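Colleague:
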Amino acid sequence: MSAALTILGIESSCDDTAAAVVRGQAVLASVVYGQTSLHANFGGVVPEIAARAHAEKLDHCVEEALATADLTLTDMDGIAVTAGPGLIGGVLSGVMCAKGLAAATGLPLIGVNHLAGHALTPRLTDDVPYPYLMLLVSGGHCQYLIVKSANNFQRLGGTIDDAPGEAFDKTARILGLAQPGGPSVEAAARNGDARRFALPKPLLDRPGCDMSFSGLKTAMLRARDQVVAENGGLTQQDQADLSASFQATVAAVLVEKSRRAIDAYLALSPPAPTFAVAGGVAANSAIRAGLETLCKEHGAQFTAPPLALCTDNAAMIAYAGLTRLAEGDIDDLSLSARPRWPLDDSAVPMLGSGKKGAKA
Ligand code: KG4
Ligand code: ZN
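FYI, our numbering numbers position 96 of the sequence shown as 97, with every residue one higher than the one before it.
This is the structure:
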């Protein structure tokens, strides 16, 4: 019975060191140590700094999660760890930590795909039945998946370059707004005129669900430079108008591509159509409102896990591991870390590498 299983989860694939204890669908503890301040001066995540910080913090993180759950390793049924995709040094730190614990305790080891962790979260939080449509949209991910079972994911499309969160962060940087960029751009956009700047919507005219956000970043830079050249600087109103125009463009792209993804998903005649969204960008109220309206139009249920379980965390890794363990699907101590690990092997591989590592 999966409901009785208790799993320790470990996550270290990007810039969050996390450990969690999950029993069935109950999150008994979820500890996340962020690294934002360590990377703040570098304009992005520095892989070597991230890996060292993970190696230093993982033990404490695991101890804190067990203490919060008021349990010890002997109460666990297995140890789940993110084995990819992500920054290889960080993934290795987590995998080595988990292997050490598994070797010392004799507990089963389960190497989890980080994206599967995100994709299965709606089952942990809302018991959403298969199949459902999932949009992962954060600083590191942007893709549509039809989740058919715990190990059957159909990738409908995603970004071919940057993730939208990266574009929000870059936009904040060029406008002189605080990091992380999402919340500050959203706040500035509230007083702005979204029609003042016409920005490109790359790939919108092409069929399918693939997206591109790197050209939008460049267009923002140009628009800012033009305002500065004409007026000698940026006023608060300029910041607001640029933010509003940028946010409306991202929202329009995500809504249109989601429309196509929903159409493809509804063609499967799911008994209880559900569109789930996860990732930091899902916190944006304009984007969220656009997606909620779209779901209403299509008769699909809209669901978004609470933000703490939407962004990187180890509870999702523990839960994905629990699902695998319940099916007897475990790894051994030869488990290796994978910088790239697409969920859907049949999908065309993504080119390039984002600020948070290789595209999955
Ligand atoms: O899921 P997350 O915490 O971490 C990963 O990227 O894996 O997402 C963080 C990203 C950042 O790029 C941040 O700027 C963006 O999510 N974000 C937002 C908002 N809040 C966070 N983007 C748009 N609007 C927001 N309100
Ligand atoms: Zn993630």
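Where is the CB? At the ideal position from N, CA and C, for every residue including glycine.
Computed from a predicted model, the values in this text were never measured in an experiment.
Does the distance between the C-beta of H119 and the nearest non-hydrogen atom of ligand 2 fall short of 8 Å?
Modeller: yes
Colleague: To the nearest angstrom, how far is it from the Cα of T18 to the Cα of S337?
Modeller: 19 Å
Colleague: In three-state DSSP terms, what is E257?
Modeller: helix
Colleague: Is there at least one non-hydrogen atom of ligand 1 closer than 8 Å to the beta-carbon of S246?
Modeller: no
Colleague: Does the contact criterion of 3 or more C-beta pairs under 8 Å hold for the region 314–321 versus the region 27–34?
Modeller: yes
Colleague: Which class does S47 belong to by DSSP, given the choice of helix, strand or coil?
Modeller: Contrary to the premise, residue 47 reads as Val rather than Ser in this sequence. V47 falls in the coil class under three-state DSSP.
Colleague: State the Cα-Cα distance for the pair T250 and F169, rounded to the nearest angstrom.
Modeller: Distance between the alpha carbons of T250 and F169 is about 11 Å.
Colleague: For F154, which of helix, strand or coil comes out of DSSP?
Modeller: strand
Colleague: Should the region 126–134 be regarded as contacting the region 258–277, the criterion being three or more beta carbon pairs within less than 8 Å?
Modeller: yes
Colleague: Select from R223, L146 and A252 the residue whose C-alpha is nearest the C-alpha of Q1.
Modeller: The chain is shown only over 2 to 361; residue 1 falls outside these bounds and no answer can be derived.
Colleague: Looking only at its own chain, which residues have a Cβ that is under 6 Å from the Cβ of K258, when we skip the five neighbours before and after it?
Modeller: Excluding sequence positions up to five before and after K258, its CB lies within less than 6 Å of the CB of C210 and M212, all in the same chain and listed in chain order.
Colleague: For P125, is the beta carbon positioned less than 8 Å from some heavy atom of ligand 2?
Modeller: The amino acid occupying residue 125 in the given sequence is Leu; Pro does not appear at that position. L125 Cβ: outside cutoff for every heavy atom of ligand 2.
Colleague: Which class does S14 belong to by DSSP, given the choice of helix, strand or coil?
Modeller: In the structure shown, S14 sits in coil (DSSP, three-state: anything other than H, G, I, E or B).
Colleague: What separation, rounded to the nearest whole angstrom, lies between the Cα atoms of K360 and T236?
Modeller: Low per-residue confidence applies at K360: pLDDT is 46, beneath 50, and the placement is therefore not dependable, though the value from the model is reported in the following sentence. Straight-line Cα distance between these residues: approximately 37 Å.
Colleague: Would you kindly check if the distance between the Cβ of L6 and the Cβ of A21 is under 9 Å?
Modeller: no
Colleague: Under 8 Å Cβ to Cβ from Q180, same chain only, skipping five residues before and after it: list those, please.
Modeller: T37, A41, D170, A173 and R174
Colleague: Would a C-beta distance cut-off of 9 Å place A190 and A253 closer than the cut-off?
Modeller: Not closer than 9 Å, so no.
Colleague: Out of Q144, P109, P130 and M97, point me to the one whose CA is closest to H119's CA.
Modeller: Minimum Cα distance to H119 is reached at Q144.
Colleague: Alpha carbon to alpha carbon, how far is L323 from G177?
Modeller: 44 Å
Colleague: Report the rounded CA-to-CA distance for K58 versus Y34, giving the unit in angstroms.
Modeller: 8 Å
Colleague: What does the Cβ neighbour count give for K218, buried or exposed, with the cut at 16 atoms within 10 Å?
Modeller: When all chains shown are included, K218 counts as buried.
Colleague: Does DSSP classify C98 as helix, strand or coil?
Modeller: helix
Colleague: Tell me the DSSP secondary structure of T73 in three-state form.
Modeller: coil
Colleague: For K161, which residues in the same chain have their Cβ closer than 6 Å to its Cβ, ignoring the five residues on either side in sequence?
Modeller: Reading off the sequence, residue 161 comes out as Ile, not Lys. Excluding sequence neighbours, I161 sits near D211 and S213.
Colleague: Using a Cβ-based criterion (distance less than 8 Å to any ligand heavy atom), does E187 qualify as near ligand 1?
Modeller: It does: the Cβ of E187 is within 8 Å (strictly closer) of some heavy atom of ligand 1.
Colleague: Can we say the region 228–243 touches the region 283–300, given the rule of at least three CB pairs closer than 8 Å?
Modeller: no
Colleague: Of all the alpha helix (DSSP H) runs that stay within the bounds of the region 286–316, which reach a length of 4 or more residues?
Modeller: 286–299 and 308–311
Colleague: So, helix, strand or coil for T126, using DSSP?
Modeller: T126: helix per DSSP, three-state reduction.
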